[in-house]
Amino acid sequence: MQIPIDKLKTMVRGVARTQEKEYSCDDVYQLLDEFTEAVVKGKDVAHLMPLVQQHLDMCPDCREEFEALLRAVRATQPGA
12 MQIPIDKLKT MVRGVARTQE KEYSCDDVYQ LLDEFTEAVV KGKDVAHLMP LVQQHLDMCP
72 DCREEFEALL RAVRATQPGA
């Protein structure tokens, strides 16, 4: 069985990004509200919550959840 080159590149990038300390999906889910509020306020979330940012960069399911929450929060903002 051959793995398509784009799939292989994605896998290698994922392995290269692994860290000694990482958050699970459950960990990120618990912090998603706080993270989203920080994004809306324009805070440097990559600096404030790097493990959450790292997880969102690697996990499409959590990223999708974050993006949906971000859209919902922004829709409730004045002038939205």
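For the sequence shown, the numbering used here assigns the number 91 to the last residue and increments by one with no breaks.
C-beta atoms are modelled at their ideal positions from N, C-alpha and C, and glycine is treated no differently.
Source: prediction; values computed, not measured.
Contacting residues, own chain, Cβ-Cβ under 6 Å from residue i (five flanking each side not counted)
{"i": "Leu67", "result": "Cys73, Arg74, Phe77"}
{"i": "Thr47", "result": "Leu80, Leu81, Val84"}
{"i": "Val63", "result": "Val39, Leu42, Phe46"}
{"i": "Tyr34", "result": "Leu62, His66"}
8 Å Cβ shell around residue i - same chain, five flanking residues per side excluded
{"i": "Gln88", "result": "Val51"}
{"i": "Ala49", "result": "Val56, Leu59, Met60"}
Residue i versus residue j: straight-line alpha-carbon distance, rounded
{"i": "Ile14", "j": "Gly90", "result": "48 Å"}
{"i": "Cys70", "j": "Met12", "result": "25 Å"}
Contacts around residue i, its chain only, beta-carbon distance under 7 Å, and the 5 residues preceding and following it disregarded
{"i": "Lys10", "result": "No answer is possible for residue 10: it lies beyond the span of the chain, which begins at 12 and ends at 91."}
Tell me whether the segment 73–84 and the segment 30–42 touch, counting them as touching only if at least three CB pairs, one residue from each stretch, are closer than 8 Å.
yes
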